[in-house]
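S.K.:
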Amino acid sequence: MKITVVGRGRVGGGLASLWEKAGHKVTGLGRDGGDAAGADVLVVAVPGSLIADALTRVSGLAGQVTIDACNLYGPRDVSFPSLSHQVKSIVGGPTAKSFSTNFAAMYDQIEAQSIRPSNLFAADAAARDTTEQLIRDAGYDPVFVGDLDPGARLLEDSSALTRALAGQLGPFFYRYGRPGEL
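Quick note: the sequence shown, position 9, residue 45 per my numbering, numbers continuous.
1) Going by C-alpha to C-alpha distance, which of Thr92, Gly59, Ile146 sits closest to Asp71?
2) Where Lys164 and Leu156 are concerned, what is the direct C-alpha to C-alpha distance, given to the nearest angstrom?
3) Where do the ends of the alpha helix (DSSP H) carrying Leu156 lie?
4) Quick check: is the beta carbon of Val179 nearer than 8 Å to any beta carbon in chain D?
5) Using C-beta distances below 7 Å, list every residue in its chain close to Ala174, excluding the 5 sequence neighbours before and after it, in chain order.
6) Check Thr63 in the structure and name its three-state DSSP category.
7) Taking only runs that begin and end inside the segment 60 to 118, name each unbroken alpha helix (DSSP H) of 4 or more residues, in chain order.
8) Looking at the strands, I want to know which residues DSSP matches up with Val123.
9) Round the Cβ separation of Glu192 and Leu119 to the nearest angstrom and send it over; I've been treating them as touching at under 8 Å.
10) When DSSP labels each residue in this structure, what does Gly43 get in the three-state scheme?
11) Measuring CA to CA, which of Gly99, Ile39, Tyr210 is closest to Gln145?
12) Smallest Cα separation from Gly216: which of Asp185, Thr166, Ile151, Gly110?
The structure is reproduced here in structure tokens:
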């Protein structure tokens with residue numbers, strides 16, 4: 037797949053590296069923006085408060101499948117039910133929320149785990165297969181929490197729980213599975 041990642045920080049840069057290792061062609065765009073034309077998938081990995089600013093600097097947004105990997109730190113733009121809905125309003129394509137409940141600081145340790153860690157995600161139906169594939173290609177097992185509405189907001193609201201656990205454990209992996217799968 038041709039993937040354009042908006043954001044070169046820990047999340048965006050880390051995911052780009054994982055996907056390049058898996059054989060995808062990845063283009064990373066930083067603060068100056070760039071062109072996303074020709075991308076099969078657009079990944080937005082910037083702080084939630086910077087979504088609009090970051091995407092105004094990107095040309096070639098043409099309804100691509102989009103994965104919102106943004107986190108919310110601070111006030112929410114109440115005109116959207118979630119960050120994913122804000123991203124979708126700009127890009128216009130089927131959208132998923134993923135990678136926001138995993139720690140980018142742990143990306144380099146995924147392969148060393150005896151059981152693949154989980155990645156919770158929500159998605160529009162037309163973004164689900166692509167998102168699941170990219171989750172697997174990053175080394176995680178996908179766990180679908182439901183459609184973008186209300187799943188994206190559910191994942192964003194759970195970030196306080198993730199941060200509280202990290203305060204006790206430090207960065208961590210998690211695993212969800214049915215009995216007998218673990």
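Note that the Cβ used here is the ideal one computed from N, Cα and C, for glycine as well.
M.R.: Working from what's here:
1) Thr92
2) First, the amino acid is wrong: residue 164 is Arg here, not Lys. Rounded to whole angstroms, the gap between the alpha carbons of Arg164 and Leu156 is 12 Å.
3) Leu156 -> not in any alpha helix (DSSP H); beta strand (DSSP E) instead, spanning 154 to 159.
4) Note that chain D does not occur in the displayed structure, where there is just one protein chain.
5) Leu51, Leu54, Trp55
6) strand
7) Secondary structure in the segment 60 to 118: the alpha helix (DSSP H) runs of 4 residues or longer, each lying completely within the stretch, are 87 to 92 in chain order.
8) Bridge partners of Val123 according to DSSP: none are assigned.
9) 6 Å
10) coil
11) Tyr210
12) Ranking Asp185, Thr166, Ile151, Gly110 by Cα distance to Gly216 puts Ile151 first.
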